[in-house]
Each structure stands twice: as structure tokens, then as C-alpha cells.
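Going by my numbering, the first residue of the sequence shown is number 124, and it counts up by one from there.
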Amino acid sequence: MSSRTLEPYRRRRCFRITPEPVPKRRSSETRRLFVVQEHDARRLHYDFRLEVDGVLKSWAVPKGPSSDPAEKRLAVAVEDHPLDYAGFEGVIPEGQYGAGTVVIWDHGTYAPEDDADVAAALREGELKFELEGRRLKGSWVLVRMRGKDWLLIKRRDRYASSERERVRGP
Ligand code: MN
Numbered sequence: 124m125s126s127r128t129l130e131p132y133r134r135r136r137c138f139r140i141t142p143e144p145v146p147k148r149r150s151s152e153t154r155r156l157f158v159v160q161e162h163d164a165r166r167l168h169y170d171f172r173l174e175v176d177g178v179l180k181s182w183a184v185p186k187g188p189s190s191d192p193a194e195k196r197l198a199v200a201v202e203d204h205p206l207d208y209a210g211f212e213g214v215i216p217e218g219q220y221g222a223g224t225v226v227i228w229d230h231g232t233y234a235p236e237d238d239a240d241v242a243a244a245l246r247e248g249e250l251k252f253e254l255e256g257r258r259l260k261g262s263w264v265l266v267r268m269r270g271k272d273w274l275l276i277k278r279r280d281r282y283a284s285s286e287r288e289r290v291r292g293p
């Protein structure tokens, strides 16, 4: 059994052809996963995914996440993906939805700020959360602008950095 919200994911794919995971309902229970996949499709983008209620809520971030709080990155909501997708790396064949190469760019766990109800916060259009990844750490926020368009923004903390500083620095 897979979640009803995974139907768009299932519909778009032919699992006899693509090596991507077939949706199965499961939960990691002890910790909530996040993953960022670099997806070299028609246009290179970064897929940002958070585990929520047994699925991966997903956004396509054209420029990728930035640790600079001044860099607000567009994050376009896309269909839920199955939890198993968090481990997926490989080549989606030509002619299949999202054809191109998928590489895990970062992964780890996340926690909503103040132990908030993540699904409710996303419905309301604002989720503040802490990332514990290899590259991405500390406090972040996802804010809905309109429709499927969200912004992914680093919040100021000790993990924040300025892009300008990084260019100048060692
Ligand atoms: Mn993608």
C-alpha cells in the first residue's frame, strides 16, 4: 500500500523502465529524513525533500540551497515522493519523467522548530526547521509565496555564511 498522495509520482513513471523506487508505504519512525538530490535533467536543479507522514514532501530548487540568509532560493513544490527515494541515485532513462542523472548532494535528519506539526505548518505556508546534514546545518525556513512557489531561506545562526565572504575568504 502506498499513500494516496504518491499517485502523481506513480502515474508519471514506468517502473519496468526507470530504476527509481516503486512507492511502498513505510516510515523511518525514529528520525525524520531530509535529502537534497542534484538532478541533471533538462535543466539542472536540486530536489529538496523532507520526510512528512511517511512520504517525502518535495521541492525543486533551481539554484540549490544557499547558506547565505540574503539568498532567498525559489523552491517549486513538486509531487510527493516515496521515502525510499531518499536513497536513490542513478540515471532516469531518456523518455522517462525527469530523465537525467540523480546524485545525492546532501542528506541527514531534520526537526521542526518548537516541535511543530510539520504537515500543518506546510498547509499554513511556513515551516521553520533545523537541518543536520553533511553540508546543510542549522536553522532554515520554507515560506510559501503563491501556488507552488516557495522560498527556501537560511536563517541567521552560526551555520549561516555570506556568499560574498566565501568568495573573498580562504
Ligand atoms: Mn527533479
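Ideal Cβ positions, reconstructed from N, Cα and C, are used throughout, including at glycine.
message: Measuring straight from C-alpha to C-alpha, what distance separates residue 183 and residue 221?
response: As a position in the sequence shown, residue 183 is number 60, starting the count at 1. As a position in the sequence shown, residue 221 is number 98, starting the count at 1. Rounded to the nearest angstrom, the two C-alpha atoms are 11 Å apart.
- prompt: In terms of alpha-carbon separation, which member of 273, 258, 274 lies closest to residue 283?
  reply: Within the sequence shown, residue 283 is the residue found at index 160, counting from 1. Residue 258 is the option with its Cα nearest to residue 283.
query: Between residue 325 and residue 212, what straight-line distance do the alpha-carbon atoms span, to the nearest angstrom?
result: Given a span of 124 to 293 for the chain in the structure shown, any question on residue 325 remains unanswerable.
- prompt: Ends of the alpha helix (DSSP H) at residue 246?
  reply: Residue numbering aside, residue 246 sits at position 123 when the sequence shown is read from its first letter. Unbroken alpha helix (DSSP H) run through residue 246: 241 to 247.
field: Unbroken stretches of the beta strand (DSSP E), 3 residues or longer, contained in the segment 183 to 214
entry: 196 to 205
task: Going by CA-CA distance only, name the one from 274, 191, 269, 179 that's closest to residue 198.
output: As a position in the sequence shown, residue 198 is number 75, starting the count at 1. Minimum Cα distance to residue 198 is reached at 274.
task: Following the continuous alpha helix (DSSP H) through residue 132, name the residue where it begins and the one where it ends.
output: Residue 132 sits at position 9 when you count from the first residue of the sequence shown. First-last of the alpha helix (DSSP H) with residue 132: 130 to 134.
field: Distance CB(residue 156)-CB(residue 230) smaller than 9 Å
entry: Along the sequence shown, read from residue 1 onward, the residue named residue 156 stands at position 33. Along the sequence shown, read from residue 1 onward, the residue named residue 230 stands at position 107. Yes, Cβ-Cβ distance for residue 156 and residue 230 is below 9 Å.
task: Tell me whether residue 222 counts as near the ligand MN, meaning its Cβ is closer than 8 Å to at least one heavy atom of that ligand.
output: Taking the first residue of the sequence shown as position 1, residue 222 is located at position 99. For the ligand MN, not one heavy atom lies less than 8 Å from the Cβ of residue 222.
Counterpart residues of residue 225 in DSSP-defined beta bridges: What you label residue 225 is simply residue 102 of the sequence shown in a count that begins at 1. Looking at the DSSP assignment, residue 225 forms a beta bridge with 162, 213.
task: May I ask you to check if the CB of residue 183 is nearer than 8 Å to at least one heavy atom of the ligand MN?
output: For the purposes of this step, residue 183 is identified with residue 60 of the sequence shown, where counting begins at 1. Within the cutoff, so yes.
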